[in-house]
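In the numbering used here, the protein residues as written are 2 to 257.
Taking it in order: structure first as structure tokens, then the write-up.
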């Protein structure tokens, strides 16, 4: 338990969680902490397809070279993009493009955006990546999964992995010991809560989620990252409530 307390303190001080103003960028940070679980959640048989123990390279700088911020962030948007290098079970490089869109109604350009990232990464590395888009908007019926074009006999049909957070089963998310499933559970709970939720009600929601997390068999490092994510993802209107949440977390940890 002392180690978990230490990990929580370390996670609080990390830049990833301390200053980003938008919730979707907290998602960008937590993905690195639980990327092996992300793969296991997104790909059936991931533990046989990939060498999950070898680790991953998060290629944010390389991706920024391909897509400079001034080009991909021309206006305030609700999406994040990550490029990750991992390894197949046979030891070969494999590239993952992870996209998260937090808007309620994905724009038509979103599918084209996923394709452009796919094509540029393939062209740059000479290796075909796999793309995963998950959307966190409140319309769970809309989540693009492909991009098609045709012109004068030429045709292109690009499909990619895609799912919506709200469409995921709450029962299955709660039952799972997968850390990324818990990320989705936190996001889903936030999306389903009223926009004008009162701080006292939000505190109860966060503490219920904390108790749920502590009841699961999750490694301490990932547990600390998840609780930190929960702490900052949906914020209180009154910042004084942060202290109440911190104190309640410490009390729960001492009860474990």
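Every residue gets a Cβ at the ideal spot worked out from N, C-alpha and C, and that includes glycine.
Checklist entry - Where does residue 41 land, buried or exposed, given buried means 16+ other C-beta within 10 angstroms? => result Under this definition residue 41 is a buried residue.
Checklist entry - So residue 25 is in the alpha helix (DSSP H); what residue range does that whole segment cover? => result 24–34
Checklist entry - Are the stretch 180–196 and the stretch 143–152 in contact at 8 angstroms, needing three or more beta carbon pairs? => result Too few Cβ pairs lie closer than 8 angstroms, so no.
Next on the checklist: Quick check on this structure: which residue in 255, 155, 104 has the alpha carbon closest to the alpha carbon of residue 165?
Outcome noted: That would be 104, whose Cα lies nearest to the Cα of residue 165.
Checklist entry - Under 6 angstroms from any heavy atom of the ligand HEM, does the C-beta of residue 54 make it? => result For the ligand HEM, the structure offers nothing, since it holds no ligand at all.
Next on the checklist: What would DSSP say about residue 125, mapped onto helix, strand or coil?
Outcome noted: helix
Next on the checklist: If I measure Cβ to Cβ from residue 111 and keep anything under 7 angstroms in the same chain, skipping five residues before and after, which residues do I get?
Outcome noted: 102, 145
Checklist entry - In or out: residue 248 buried (at least 16 other Cβ within 10 Å) or exposed? => result exposed
Checklist entry - How many angstroms separate the CA atom of residue 201 from the CA atom of residue 24? => result 20 angstroms
Item to check | Selected residue, minimal CA-CA separation from residue 122, among 68, 233, 163 | outcome: 68
Next on the checklist: Please classify residue 132 as buried or exposed, where buried requires at least 16 other C-beta atoms within 10 Å of its C-beta.
Outcome noted: buried
Next on the checklist: I'd like the span of the alpha helix (DSSP H) that includes residue 188, first residue to last.
Outcome noted: That run of the alpha helix (DSSP H) goes 180–193.
Item to check | Exposure label - residue 136; buried when at least 16 CB within 10 Å | outcome: So residue 136 ends up on the buried side.
Item to check | Residue closest to residue 28, alpha-carbon to alpha-carbon, out of 210, 195, 180 | outcome: 180
Item to check | Of the listed residues 45, 225, 128, nearest to residue 93 (C-alpha basis) | outcome: 128
Next on the checklist: Taking only three categories from DSSP, how would you classify residue 234?
Outcome noted: Here residue 234 sits in helix by DSSP.
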